[in-house]
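Worksheet for the structure shown next.
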Amino acid sequence: MKTTNEIIIVDLEATCWENDRIPIAQQVDIIEMGICKLDLISNTISQKQSIYVIPERSEINRFCTKLTGITPQLIEEKGIYFEEACEKIRDEYHPESLTWAGYGNFDREQIIEQSDWLGIENPFSGQYIDVMYEFKRHFRLYKSIGLKRALDYLKIDFEGNHHSGADDAYNTAKILNRILE
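Just so we're aligned, residue 1 is where the sequence shown starts under UniProt numbering, counting upward by one.
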C-alpha cells in the first residue's frame, strides 16, 4: 500500500452546485488544496496548510460558499493559479517521490483532470492511497463511510471545520495513521 515513511495527505475543495447541477459552460475547478504530511515513524502530522486556487472554468456561488466557507473575495485576496499551487507543493513537499493519499478518489481524479486540462504535469507520484477504501477494507465494513463517521468509528474527535481542505486533510491523516499502526 505505502512506499515511503512519509505520506502526503490531500483534500480538495472544488466549485460545486446544488444537486450537482453544473451550469452549461462551467466545469468543476479546484478552489482549495488542503495538504499535510504524515510521518509514519514519529506518528506526527506536519506542514498543514490551505492553498487557495483561482477557478478558471467556473465561479464560486452561494451554495459553494455555504458548504466550504470559501468566498470569491477570499480567492481574490489569497488565491493563486492551479499551476502555481502545483509548483508551491513541489517546492515545499517534494511529492514526486512520496506516496500520497486522500479520502476517496475524487481528489486524485480531480488533480489528474485539472493537470491534463492545463497541460501540466501532475505534481504527485503514481502511488496513491484511497483512505476511504482502506478504512472499509481494514475494518471489514460492508460499505464505505464518510470522513466524520470514520473518525467517530475510531473514537477520534474531528479537529477544525468540515469542508476545510486543510482540516479534512489533517483528519484524514489521523485515520490513515491509525490504519497503518
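Think of the CB as a built atom: it goes at the ideal place given N, C-alpha and C, for glycine as much as any other residue.
- Taking Lys174 as the centre and dropping the five residues before and after it, the same chain places the C-beta of Ile156 closer than 6 Å to its C-beta, in chain order.
- Following the DSSP letters along the chain, one finds Gln47 in no alpha helix (DSSP H) but inside the beta strand (DSSP E) bounded by residues 44-52.
- Rounded to whole angstroms, the separation of the alpha carbons of Asp29 and Ala14 is 5 Å.
- Counting along the chain, Val10 sits inside no alpha helix (DSSP H); it lies in the beta strand (DSSP E) bounded by residues 6-14.
- For Ser144, the CB contacts under 6 Å within the same chain, skipping 5 residues up- and downstream, are Met132, Lys136 in chain order.
- For Lys136, the enclosing alpha helix (DSSP H) covers residues 131-138.
- Around the beta carbon of Asn171, 16 or more other beta carbons lie within 10 angstroms, which makes this residue buried.
- Within the DSSP bridge table, the entry for Ile30 names Ala14 as partners.
- For Glu181, the closest of Thr71, Pro72, Asn43 by C-alpha to C-alpha distance is Asn43.
- Taken through DSSP and simplified to helix, strand or coil, Ala25 comes out as coil.
- Gln73 and Ser125 have their C-alpha atoms some 33 Å from each other.
- The segment 158-171 makes contact with the segment 44-62: 3 or more CB pairs, one atom from each, lie closer than 8 Å.
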